[in-house]
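**Q** Below: one structure in structure tokens.
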């Protein structure tokens with residue numbers, strides 16, 4: 001069974017003003033929290049994708065040219081509906097290429113709640129390791145513990161490539 005981590009984006013980002021961009025989206029977010037989620041995805045899962053309010057569900061190697069300040073809660077009802085549709089379509093694509101997979105959701109409730117109905121219709125196991133945690137501090141502790149005890153060799157794709165979801 002293939003384990004796919006869905007890593008929520010972060011608010012702390014590189015400053016891409018001027019001639020500093022583009023950058024792979026996996027390098028855009030700079031918080032320790034995001035870095036731990038990314039490291040967990042690379043060490044404990046087979047593949048991962050990043051969940052972004054602006055870009056949807058994208059490969060770690062997806063290039064962005066600007067930093068932005070947008071969360072799912074900033075989207076109006078129509079934009080949120082489109083975002084959910086786009087993310088749901090990308091999740092279904094994963095299933096087309098990897099029918100036997102588990103999703104490990106490493107994103108905040110603001111991102112998971114709009115997707116809850118779509119996730120119910122996926123025929124896969126879905127892990128929500130943060131569901132019973134009391135906040136980011138506890139989540140970071142859990143991530144550190146999991147990373148320390150991981151004995152898995154990550155696949156090459158978990159090294160921030162390829163750049164499109166079609167390159168499964």
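Numbering (the UniProt record's numbering), first residue to last: 1 to 168. Each residue gets a CB set at the ideal place from its N, CA and C atoms; glycine is no exception. The structure presented is a predicted model; accordingly, all values stated were derived computationally and were not measured.
Exposed or buried, what is residue 135 when buried is set at 16 or more other beta-carbons lying within 10 Å of its beta-carbon?
**A** The residue given as residue 135 occupies position 135 in the chain shown. The residue in question, residue 135, is exposed, as its Cβ has fewer than 16 Cβ neighbours within 10 Å.
**Q** Would residue 28 and residue 140 qualify as a contact pair, given that the criterion is a beta-carbon distance under 8 Å?
**A** Here residue 28 corresponds to residue number 28 of the chain shown, with the count starting at 1. Here residue 140 corresponds to residue number 140 of the chain shown, with the count starting at 1. No. Outside cutoff.
**Q** On a Cα-Cα basis, can you pick out the residue from 13, 113, 17, 44 that is closest to residue 147?
**A** Residue numbering aside, residue 147 sits at position 147 when the chain shown is read from its first letter. Selected option, being the one with the closest Cα: 44.
**Q** If you draw a straight line from the C-alpha of residue 30 to the C-alpha of residue 138, how long is it?
**A** Here residue 30 is taken as the residue at index 30 of the chain shown, counted from 1. Here residue 138 is taken as the residue at index 138 of the chain shown, counted from 1. For residue 30 and residue 138, the distance between alpha carbons rounds to 19 Å.
**Q** Answer yes or no: do residue 131 and residue 91 have a C-beta to C-beta separation smaller than 8 Å?
**A** As a position in the chain shown, residue 131 is number 131, starting the count at 1. As a position in the chain shown, residue 91 is number 91, starting the count at 1. Cβ atoms of residue 131 and residue 91: not closer than 8 Å.
**Q** Would you kindly report the start and end of the unbroken alpha helix (DSSP H) that includes residue 111?
**A** Locating residue 111 in the chain shown gives position 111, counting from the first residue. That run of the alpha helix (DSSP H) goes 109–120.
**Q** Are the beta-carbon atoms belonging to residue 38 and residue 52 less than 8 Å from one another?
**A** As a position in the chain shown, residue 38 is number 38, starting the count at 1. As a position in the chain shown, residue 52 is number 52, starting the count at 1. No.
**Q** Cα separation between residue 128 and residue 69?
**A** As a position in the chain shown, residue 128 is number 128, starting the count at 1. As a position in the chain shown, residue 69 is number 69, starting the count at 1. Straight-line Cα distance between these residues: approximately 25 Å.
**Q** Using a Cβ-Cβ cutoff of less than 8 Å, which residues in the same chain neighbour residue 74 once the five nearest sequence positions on both sides are dropped?
**A** By one-based count along the chain shown, residue 74 stands at place 74. These residues qualify, in order along the chain: 53.
**Q** Apart from the five residues just before and just after residue 94, which ones in its own chain have a Cβ nearer than 7 Å to its Cβ?
**A** In the chain shown, residue 94 corresponds to position 94, counting from 1. If we look at residue 94 and ignore the five residues flanking it on each side, its Cβ neighbours are 4, 101.
**Q** Ends of the alpha helix (DSSP H) at residue 89?
**A** Numbered from its first residue, the chain shown carries residue 89 at position 89. Element bounds for residue 89: 77–97.
**Q** Nearest by alpha-carbon distance to residue 61: which of 142, 50, 85 is it?
**A** Here residue 61 refers to the residue found at position 61 when the chain shown is read from its first residue. The shortest C-alpha separation from residue 61 is found at 50.
**Q** Along the chain, where does the alpha helix (DSSP H) containing residue 17 start, and where does it finish?
**A** Stepping through the chain shown from its first residue, residue 17 is reached at position 17. Careful: residue 17 lies outside any alpha helix (DSSP H) and carries neither H nor E.
**Q** With distances taken from CA atoms, which of 104, 125, 126 is nearest residue 7?
**A** Translated into positions along the chain shown, residue 7 becomes position 7. Among 104, 125, 126, the Cα nearest to that of residue 7 belongs to 104.
**Q** Determine, using beta carbons only, whether residue 10 and residue 34 come nearer to each other than 8 Å.
**A** Position 10 of the chain shown holds residue 10. Position 34 of the chain shown holds residue 34. For residue 10 and residue 34, yes; Cβs fall inside 8 Å.
**Q** Take residue 125 and list the residues in its own chain whose beta-carbon comes closer than 7 Å to its own, dropping the five residues that flank it on each side.
**A** Translated into the one-based positions of the chain shown, residue 125 becomes position 125. Cβ within range, chain order: 102.
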